[in-house]
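A quick write-up on the structure given underneath.
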Amino acid sequence: MTRVIAIANNKGGTGKTTTAVNLPVFLAAMGKRVLLVDLDNQANATFSLGMAPEKLPLSIYHAMTGQVSPSAIIRKSPFFNYEIMPASPDLAGATVELVSAENREFKLSQILDKVKEPYDFVIIDSPPSLGLLTLNALCAADEVLIPVQCEYLALEGFGQLLSTVDLVKNNLGKNLKIAGALLTMYSKNNNISREVAEEIRQKFPGHVFNAVIPRAVVLAEAPRFGKTILQYAPNSQAAQAFRNLAEEIINLENI
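Using my numbering, you'd call the opening residue of the sequence shown number 4 and step up by one each time.
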């Protein structure tokens, strides 16, 4: 059975796209078949896999607006068992075009229903906002993974997203689970990082992944070369952190 996981946080700069790009490659390395859905019109996940968003003939925008079948836009990544529904700048217009559409919050869900069966995981990179595209991501997902940057203001964004998840569950009839909060941009020598990590674990016991994504230059550099961290720096601490996260995600199936 396919697990659909939305990676979401309405705050920008939380490591959301970094997680969306790098989690699938380790899931794929562990024998899982993964589809990444880039639902952010900035198309950073698409770019991070070595594709030029502005040059793509088809993107998730064309599927969301009913112009092509969902299967027509799926592209292969450099890794076996890792594919992507890419985004393009056109996606910014989809929000406007979908406003008057029937069941507008469920467009992505309808798309994924047609293509998700062969995959073990579908990972959705949602925009850094709580708009219509993020609602589509949450309504299409079974679980939501929330990256939380280790800074003082991070808890505010985390709380807002939890409220949105409750709204989706209560008003749209979606049984959406919290897969967990993922601590990102952690600096072990930074007091603020340590304090925020401790506070999040205390406030949300059992809902924070053990894997912690460090603040690392290699994570910032890899997208420039269109590479995942597994390709760019496979022996780095950051790569090991994402490997640990993938193992935790897989183990959640057994809980």
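The beta-carbon is built from N, C-alpha and C at its ideal position, and this holds for glycine as well. All values reported here derive from a predicted model rather than from experimental measurement.
- The straight-line gap separating the alpha-carbon atoms of residue 222 and residue 51 is approximately 11 Å.
- Counting along the chain, the unbroken beta strand (DSSP E) around residue 213 starts and ends at 211-217.
- Bridge partners of residue 146 according to DSSP: 8 and 180.
- Look at residue 156 here: in three-state DSSP terms it is coil, with no helix or strand label.
- Counting C-beta pairs closer than 8 Å gives fewer than three between the segment 59-73 and the segment 16-30, which falls short of the contact rule.
- Exposure of residue 83 is indicated by the presence of fewer than 16 other C-beta atoms within 10 angstroms of its C-beta.
- If the five residues before and after residue 229 are omitted, its C-beta is found closer than 6 Å to the C-beta atoms of 53, all from its own chain and listed in chain order.
- With a cutoff of 8 Å on beta-carbon distance, residue 39 and residue 67 are scored as not near each other.
- Beta bridge pairing from DSSP links residue 252 with no other residue.
- Three or more beta-carbon pairs separated by less than 8 Å are not found between the segment 190-208 and the segment 166-178, which leaves the two stretches without contact.
- Nearest Cα to residue 31 within the set 9, 158 and 86: 86.
- Annotation: residue 121 to residue 4 spans about 9 Å, alpha carbon to alpha carbon.
- In this chain, residue 52 is not harboured by any alpha helix (DSSP H), its DSSP state being neither H nor E.
- Contact between residue 165 and residue 141 does not hold, since the beta-carbon distance rounds to 12 Å and is not under 8 Å.
- In the DSSP assignment, residue 67 falls within the alpha helix (DSSP H) that extends over 63-67.
- Checking the DSSP bridge columns, you'll see residue 86 partnered with 38 and 79.
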